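Worksheet: one structure, shown below.
Number of protein chains: 2
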Amino acid sequence: MPALTRRPEPLTSPAAATVFTMVLTQGPVSRVEIAKRTGLSSAAVTKAARPFIEAGYLEEMEATEHTGPGAGRPASPLAIRPEREYFIGVKITDDGLIGVLTDLRAQVLETDHRPLADARVESVLADLAALVAGLRARRPEYGERCHHLGLSISGDVDHDTGMVRYSPFLGWRQVPLATYAAQATGLVVTIENDVKALTAAEQWFGEGIGLSHFALVTIGIGIGCGLVIDGRVVVGAHGVAGEIGHIPVGGEAPPCHCGGHGCVEAIAGTGPLLAAVRAATNRPGMTIDEAIQAAHDGDERAREVFARAGHAIGLAMAAMANLFGPARIVVTGDVAGLASYGLLEGQLRQTFAGQAFGAAAGCEVVLRPRTFEHWARGAAAIAIKTLFTLRER
Amino acid sequence: MPALTRRPEPLTSPAAATVFTMVLTQGPVSRVEIAKRTGLSSAAVTKAARPFIEAGYLEEMEATEHTGPGAGRPASPLAIRPEREYFIGVKITDDGLIGVLTDLRAQVLETDHRPLADARVESVLADLAALVAGLRARRPEYGERCHHLGLSISGDVDHDTGMVRYSPFLGWRQVPLATYAAQATGLVVTIENDVKALTAAEQWFGEGIGLSHFALVTIGIGIGCGLVIDGRVVVGAHGVAGEIGHIPVGGEAPPCHCGGHGCVEAIAGTGPLLAAVRAATNRPGMTIDEAIQAAHDGDERAREVFARAGHAIGLAMAAMANLFGPARIVVTGDVAGLASYGLLEGQLRQTFAGQAFGAAAGCEVVLRPRTFEHWARGAAAIAIKTLFTLRER
Chain A
1 MPALTRRPEP LTSPAAATVF TMVLTQGPVS RVEIAKRTGL SSAAVTKAAR PFIEAGYLEE
61 MEATEHTGPG AGRPASPLAI RPEREYFIGV KITDDGLIGV LTDLRAQVLE TDHRPLADAR
121 VESVLADLAA LVAGLRARRP EYGERCHHLG LSISGDVDHD TGMVRYSPFL GWRQVPLATY
181 AAQATGLVVT IENDVKALTA AEQWFGEGIG LSHFALVTIG IGIGCGLVID GRVVVGAHGV
241 AGEIGHIPVG GEAPPCHCGG HGCVEAIAGT GPLLAAVRAA TNRPGMTIDE AIQAAHDGDE
301 RAREVFARAG HAIGLAMAAM ANLFGPARIV VTGDVAGLAS YGLLEGQLRQ TFAGQAFGAA
361 AGCEVVLRPR TFEHWARGAA AIAIKTLFTL RER
Chain B
1 MPALTRRPEP LTSPAAATVF TMVLTQGPVS RVEIAKRTGL SSAAVTKAAR PFIEAGYLEE
61 MEATEHTGPG AGRPASPLAI RPEREYFIGV KITDDGLIGV LTDLRAQVLE TDHRPLADAR
121 VESVLADLAA LVAGLRARRP EYGERCHHLG LSISGDVDHD TGMVRYSPFL GWRQVPLATY
181 AAQATGLVVT IENDVKALTA AEQWFGEGIG LSHFALVTIG IGIGCGLVID GRVVVGAHGV
241 AGEIGHIPVG GEAPPCHCGG HGCVEAIAGT GPLLAAVRAA TNRPGMTIDE AIQAAHDGDE
301 RAREVFARAG HAIGLAMAAM ANLFGPARIV VTGDVAGLAS YGLLEGQLRQ TFAGQAFGAA
361 AGCEVVLRPR TFEHWARGAA AIAIKTLFTL RER
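Chain order of the listed sequences is A and B.
Every letter in the first sequence is one number past the one before it in full-length UniProt numbering, and letter 131, counting from 1, is 131.
Every letter in the second sequence is one number past the one before it in full-length UniProt numbering, and letter 173, counting from 1, is 173.
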């Protein structure tokens, strides 16, 4: 059994976590600037940073001349030493594992894919152990300085206890995945819902840097959402949050697999979308790729179905923005979701603008293609974030 | 000009704010219990509490015997001295002022109502000054120990700058109300959107005590919502949040005053609701009271309209719960909203339960009648909360 945590020695106080996180996510940055942005005193910043420098996590860059206001006084920015520690992130899908090895800044250095032999827990763990071992073996320093593994999986995942409460795609219920994966790999393991993991990656290393309120919306088989409010990923009192796919924008119809009616996902999820294109074009054997192609080729019946999906997603995004007012919404998705985005986008943006309330319409909507490797990077980011965040009591 | 703040001397650190807030909202409570709930050391709790005791805000109760586990060791719980300071809260409506004077725990001790002569800013300020002076004159100690006034008003209110950006009912735009009211009354003034103020009052002194995730939904002319996530009232990046009234649950129709379509408010707000009952019953001169009465008397056409409104509100509440996962939703409203609640409730609960996703359906929905005086108390609560919260940098 590995240790349950290998928290870095310098992480001794909230101030230490704040200073390190700022350099990690926004560095290189001078002590003066850190003090300004965090409200800590210069002395407190220096005190917090020193042990991280001694432990090799941070380094002092050569003094540079200020060129902005107050120019002339030399500043020695603090920077991350990204090769100080490595992390593995794995996205578990229903038919395969996608793994990445990253540095401390979640930059992807190595990747690997592995099909799943089957979906039984022990079988997945064996595949996982082989994938992880293969990635760590690629360079000696990975073996030496990689101790943390993040796993992301769709469904109801309890980050705190390491339990997969329910994974519909794999058919898992109440699987203590973090414990099992730690035993199988010898690493310290963090698990998270895949959308929340991707949201955390954007928050620390992507489109959410410096934003206290932002959202991520994923389009694909499901329509998912991660929310960051006041700098924290929203979890909800019962572990349910971000279920934008089940906002009822469609009135009484259609029925959704969740038991509700008119859910976005029952209109714009890949399955219902394909069914609607098949029905509209009278081509019952059509694949999703063919449906997308038909719409791109100008088939008005297919185009109409995609526009309706864009309308539904735009309504749900407006509902979300009206409730919590994000500064930015990042829209992404799986392969089919991304391929269809061009067909949805115009109507999505138009509907969002029409339904967003007052200043909420000022929210920026950006599309960012995210491959499975980005999702695996999200899992690594969760491992990084967990390691450098002090738990609140 | 009054001082911009009269923050109590003992409020010197985050720990001091945490300890005082816990006694204020959950006391009487022993130091041991405070340490347990906050994660602070016993020494830190004692150090933080002492200056509040010396300044008369807290007192030590007589030692009691524990009766639970660890019984036998005497504990001296800390309690608030509620009469240490008084607060005035005023809800400003389009035709009147509702004022309350409260103690430190937001208990209402005095009330007063005053019709507005007209909606001009200077006229409202004159009425406000008279109302405040009258409340403070009722007892000598109010004059001596009441320095803070909270104002709540519907619309777009910037708590931080004290600016009413837009009040649709009063026709105000960009009114620096906090500054003007401070000049008019001689008190330190805090202002807030009325729904957010009521939410804050529930958070500290009502149904939200001890809950990190909860929501307040108000039914009336508008359909409003206040959200508390991770213990904080959600404000949004652009100042817009909680606009549950503009979640599009009604499809393409009806059009809403906000420019959107199918908004909850365009179905279940008092105006559209009355219009629908008038149309259904063919009684164009009907008042809202008569509409409610007709439904209570068994007019099926009227009852159907109310059930439809309950359905729309239930859908919107489910959307909100699916996104944020509150532990509890408090439903309240203005006079007409409350009177009609009995007509909405059955359908509202049924729809909510059907549309809430998975564990989000575990969210408790409670009705709490709140009069205008409760709303005024919300304004006082904002003044209290502002006084005892250290601003984050």
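Every residue gets a Cβ at the ideal spot worked out from N, C-alpha and C, and that includes glycine.
Computed from a predicted model, the values in this text were never measured in an experiment.
Residue i versus residue j: straight-line alpha-carbon distance, rounded
{"i": "B/Ala71", "j": "B/Ala79", "result": "Because the pLDDT at B/Ala71 is just 48, under 50, the model does not fix this residue reliably, and the value given afterwards should be weighed accordingly. The alpha-carbon atoms of B/Ala71 and B/Ala79 are separated by roughly 21 Å."}
{"i": "B/Tyr86", "j": "B/Ala376", "result": "14 Å"}
{"i": "A/Leu390", "j": "A/Thr21", "result": "11 Å"}
{"i": "B/Pro168", "j": "A/Ala201", "result": "41 Å"}
{"i": "B/Leu273", "j": "B/Ala294", "result": "13 Å"}
{"i": "A/Leu338", "j": "A/Ile209", "result": "23 Å"}
{"i": "B/Pro284", "j": "B/Gly222", "result": "22 Å"}
{"i": "B/Lys47", "j": "A/Ala15", "result": "21 Å"}
{"i": "A/Gln107", "j": "A/His374", "result": "10 Å"}
{"i": "B/Arg138", "j": "B/Pro115", "result": "20 Å"}
{"i": "A/Gly333", "j": "B/Glu207", "result": "39 Å"}
{"i": "A/Ala182", "j": "B/Val228", "result": "36 Å"}
{"i": "A/Asp289", "j": "A/His311", "result": "21 Å"}
{"i": "B/Gln355", "j": "A/Glu33", "result": "48 Å"}
{"i": "A/Thr190", "j": "A/Ile153", "result": "11 Å"}
{"i": "B/Gly378", "j": "B/Arg370", "result": "10 Å"}
{"i": "B/Gly134", "j": "A/Glu252", "result": "54 Å"}
{"i": "B/Val249", "j": "B/Val264", "result": "6 Å"}
Below-9 Å beta-carbon distance, residue i vs any chain A residue
{"i": "B/Gly239", "result": "yes"}
{"i": "B/Val249", "result": "yes"}
{"i": "B/Arg84", "result": "no"}
{"i": "B/Gln203", "result": "no"}
{"i": "B/Cys146", "result": "no"}
{"i": "B/Phe372", "result": "no"}
{"i": "B/Ala302", "result": "no"}
{"i": "B/Ile153", "result": "no"}
{"i": "B/Asp289", "result": "no"}
{"i": "B/Ala321", "result": "yes"}
Test: residue i CB closer than 9 Å to a CB of chain B
{"i": "A/Ile384", "result": "no"}
{"i": "A/Val366", "result": "no"}
{"i": "A/Gln26", "result": "no"}
{"i": "A/Asp297", "result": "no"}
{"i": "A/Ala307", "result": "no"}
{"i": "A/Asn282", "result": "no"}
{"i": "A/Met22", "result": "no"}
Any non-hydrogen atom of the ligand FMN within 8 Å of residue i CB
{"i": "A/His296", "result": "Absent from the structure shown: the ligand FMN. Ligands present: none."}
Identity of the residue in the options nearest residue i by Cα
{"i": "A/Ala319", "options": "B/Ile221, B/Gly262, B/Arg31", "result": "B/Gly262"}
{"i": "A/Glu62", "options": "A/Ser76, A/Thr287, A/Pro140, A/Leu125", "result": "A/Ser76"}
{"i": "A/Leu177", "options": "A/Glu54, A/Leu151, A/Ala275, A/Val331", "result": "A/Leu151"}
{"i": "B/Glu9", "options": "B/Pro51, B/Leu135, B/Ala279, B/Gly206", "result": "B/Pro51"}
{"i": "B/Ile53", "options": "B/Val23, B/Gly39, B/Gly298, B/Arg139", "result": "B/Val23"}
{"i": "B/Val45", "options": "B/Ser30, B/Ser212, B/Ile153", "result": "B/Ser30"}
{"i": "A/Lys91", "options": "A/Ile382, A/Thr386, A/Leu387", "result": "A/Ile382"}
{"i": "A/Ala237", "options": "B/His257, B/Thr93, B/Ser212, B/Ala126", "result": "B/Ser212"}
{"i": "A/Tyr142", "options": "A/Val100, A/Leu125, A/Gly251", "result": "A/Val100"}
{"i": "A/Arg136", "options": "A/Thr161, A/Pro115, A/Ser154, A/Thr102", "result": "A/Thr102"}
{"i": "B/Thr386", "options": "B/Ala356, B/His148, B/Gly354, B/Ala279", "result": "B/His148"}
{"i": "A/Asp194", "options": "A/Tyr166, A/Thr185, A/Thr179", "result": "A/Tyr166"}
{"i": "B/Ala266", "options": "B/Asn282, B/Thr281, B/Ile247, B/Arg278", "result": "B/Ile247"}
{"i": "B/Phe352", "options": "B/Phe372, B/Glu243, B/Ile313, B/Val233", "result": "B/Ile313"}
{"i": "residue 402 of chain A", "options": "A/Val19, A/Leu11, A/Phe372", "result": "Only positions 1 to 393 of chain A appear in the structure, and residue 402 of chain A is not among them; the question remains open."}
Helix, strand or coil at residue i [DSSP, three-state]
{"i": "A/Val234", "result": "coil"}
{"i": "A/Leu101", "result": "strand"}
{"i": "A/Ile247", "result": "coil"}
{"i": "B/Thr12", "result": "coil"}
{"i": "B/Asn322", "result": "helix"}
{"i": "B/Arg81", "result": "coil"}
{"i": "B/Gly39", "result": "coil"}
{"i": "A/Tyr57", "result": "coil"}
CB-CB length for residue i against residue j, believed under 8 Å
{"i": "A/Val365", "j": "A/Arg349", "result": "6 Å"}
{"i": "B/Arg81", "j": "B/Leu58", "result": "7 Å"}
{"i": "B/Cys258", "j": "A/Phe388", "result": "Not a contact, Cβ separation roughly 42 Å."}
{"i": "B/Tyr180", "j": "B/Val121", "result": "7 Å"}
Cross-chain neighbours of residue i in chain C, by beta carbon under 7 Å
{"i": "A/Arg232", "result": "Going by chain labels, chain C is absent from the structure shown, which instead holds the protein chains A and B."}
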